[in-house]
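Student: Numbered as in the working numbering, the sequence shown ends at 262 without a single skipped number.
Each residue gets a CB set at the ideal place from its N, CA and C atoms; glycine is no exception.
The structure that follows is given in the form of structure tokens.
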Amino acid sequence: MEAIILAGGIGSRLQSVVAEVPKPMADIAGRPFLEYQLDYLAWHGVPRVVLAVSHLHEKISSHFGAAYGRVELAYSIERERLGTGGGVMLAMAQVDGDDFLVLNGDSFFDAPLAELLQRHHGCESPVPRDSSAATDRSHTAPHDLTIALKRVPDCSRFGSVETDASGRIICWREKGIAGPGAINAGVYVVRRAFMESLPQAGAFSLERDVMEREFSARRFLAVESDGYFIDIGVPEEYARAQTELPRVAAKYRR
């Protein structure tokens, strides 16, 4: 299974500590943040990644080129801001397969991809670590979109997602409400046919315009796990990532 990373973020809230590079290229202990995500995907057997880029995209393409180790890289360049939904729409033209992964380019979630793919496809037996196995025709794909969730002590910055015991989404709460909860951790398995069925065109948000509005009408699934999560979008979390992320992600580096 191939992946899209939404790597067009500007990083306006990080200007005091990160300047003149796209947010996914922010330095984390001497390496671009994006490298940690690519290590994670490579370890899970993802053979090809499309980087959905916009702001200062040359900084990304000149650093990575056409490959990162054994992972083939392609670039989907947004000439105007398309939001997360429009960015996926444009990038998926370069993705093969009926289903694909989508990752936010400014957060890292150590999600168990094998479990996520297994649940997305409705499999009873585990999917091997090599996620190419998820394209086997013996698997069915009953879900339009599978969302990885992470439970945090304060979800006010992110909003929260409530589910029933089966993983069906019951409620999507807006940002600003303090207290513990499960948040959208920015890792998705997406059905191509679902994206092609959406009425939206141009710029739109996959989260606000699709996930939050259509969860009761679409076949969405949420899978909660307790892996490490960090969003580098604010200076204090960016500072925390400098020591935590290299330690957590070391197992994925080859």
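1) For L153 and F237, which I take to be in contact (beta-carbon distance under 8 Å), what is that distance rounded to the nearest angstrom?
2) With a threshold of 8 Å, are at least 3 pairs of Cβ atoms found where one atom belongs to the region 150-170 and the other to the region 74-88?
3) Would you mind stating whether Y260 and W51 have Cβ atoms separated by less than 7 Å?
4) From V25 to G130, what does the alpha carbon distance come to, in whole angstroms?
5) Nearest to I68 by CA position, among A15, R78 and Q45, is which residue?
6) When you compare each of F202, V169 and V96 to P188 by their alpha carbons, which one comes out closest?
7) From which residue to which residue does the beta strand (DSSP E) around K158 run?
8) So, with DSSP's three-state summary, where would you put R39?
9) Quick one: Cα of R255 to Cα of S233, how far?
10) Go through its chain and collect everything with a Cβ distance to F166's Cβ below 6 Å, but skip five positions before and after it.
11) Quick check on the DSSP output: the alpha helix (DSSP H) that includes R261 runs from which residue to which?
12) Indicate whether the contact test is met: 3 or more Cβ pairs, each with one atom in the region 71-81 and one in the region 34-52, closer than 8 Å.
13) How many Å lie between W180 and G105 at the Cα?
14) Could you tell me which residues DSSP pairs with I191 in its beta bridges?
15) Alpha carbon to alpha carbon, how far is T251 from V96? Give it in angstroms, no decimals.
16) Does the distance from the C-beta atom of A11 to that of V54 stay below 7 Å?
17) Measure from the C-beta of F228 to each C-beta in chain B and report whether the shortest distance is under 7 Å.
18) For the putative contact between I13 and A60, defined by C-beta atoms under 8 Å, what is the C-beta separation to the nearest angstrom?
19) By DSSP, does R21 sit in helix, in strand, or in coil?
20) Hey, S213 and G113: beta-carbon distance below 7 Å or not?
21) What does a CB cutoff of less than 6 Å around A249 pick up in its chain, not counting 5 residues either side in sequence?
22) Hey, which unbroken runs of the alpha helix (DSSP H) at 4 residues or more fall wholly within the region 67-137?
Tutor: Straight from the coordinates:
1) Sequence index remark: in the sequence shown, residue 153 carries index 145 (1-based). Sequence index remark: in the sequence shown, residue 237 carries index 229 (1-based). So it is not a contact: roughly 19 Å between Cβ atoms.
2) no
3) Along the sequence shown, one-based indexing puts residue 260 at 252. Along the sequence shown, one-based indexing puts residue 51 at 43. Yes. Within cutoff.
4) Here the question's residue 25 lines up with position 17 in the sequence shown. Here the question's residue 130 lines up with position 122 in the sequence shown. Roughly 43 Å separates the two Cα atoms.
5) Residue numbering aside, residue 68 sits at position 60 when the sequence shown is read from its first letter. Among A15, R78 and Q45, the Cα nearest to that of I68 is on A15.
6) Working through the sequence shown from its first residue, we reach residue 188 at position 180. Taking only the C-alpha atoms, the option nearest P188 is V169.
7) Mapped onto the sequence shown, residue 158 falls at position 150. Counting along the chain, the beta strand (DSSP E) containing K158 begins and ends at L153 to V160.
8) By 1-based counting over the sequence shown, the position of residue 39 is 31. It is a strand residue.
9) For this step, residue 255 is matched to residue 247 along the sequence shown. For this step, residue 233 is matched to residue 225 along the sequence shown. Distance between the alpha carbons of R255 and S233: 19 Å.
10) Within the sequence shown, numbered from 1, the residue matching residue 166 stands at position 158. The answer, listed in chain order, is I191.
11) Working through the sequence shown from its first residue, we reach residue 261 at position 253. It is not in any alpha helix (DSSP H) - R261 carries neither H nor E in the DSSP assignment.
12) yes
13) As a working note, residue 180 is residue 172 in the sequence shown. As a working note, residue 105 is residue 97 in the sequence shown. Going from the Cα of W180 to the Cα of G105 covers about 29 Å.
14) As a first step, residue 191 must be located in the sequence shown, where it is residue number 183. Note: I191 sits in a beta bridge opposite K158.
15) Walking along the sequence shown from the start, residue 96 turns up at place 88. Walking along the sequence shown from the start, residue 251 turns up at place 243. Approximately 31 Å, taken between the alpha carbons.
16) Here residue 11 is taken as the residue at index 3 of the sequence shown, counted from 1. Here residue 54 is taken as the residue at index 46 of the sequence shown, counted from 1. Yes, the Cβ-Cβ distance between A11 and V54 is below 7 Å.
17) Given the protein chain composition of this structure (a single chain), no chain B is represented.
18) What you label residue 13 is simply residue 5 of the sequence shown in a count that begins at 1. What you label residue 60 is simply residue 52 of the sequence shown in a count that begins at 1. Going by Cβ atoms, the distance from I13 to A60 rounds to 7 Å, so yes, they are a contact pair.
19) Numbered from its first residue, the sequence shown carries residue 21 at position 13. R21: helix per DSSP, three-state reduction.
20) One-based indexing of the sequence shown puts residue 213 at position 205. One-based indexing of the sequence shown puts residue 113 at position 105. Contact flag unset, no.
21) The sequence position of residue 249 within the sequence shown is 241, counting from 1. If we look at A249 and ignore the five residues flanking it on each side, its Cβ neighbours are I36, I238 and I240.
22) 91-99 and 121-129
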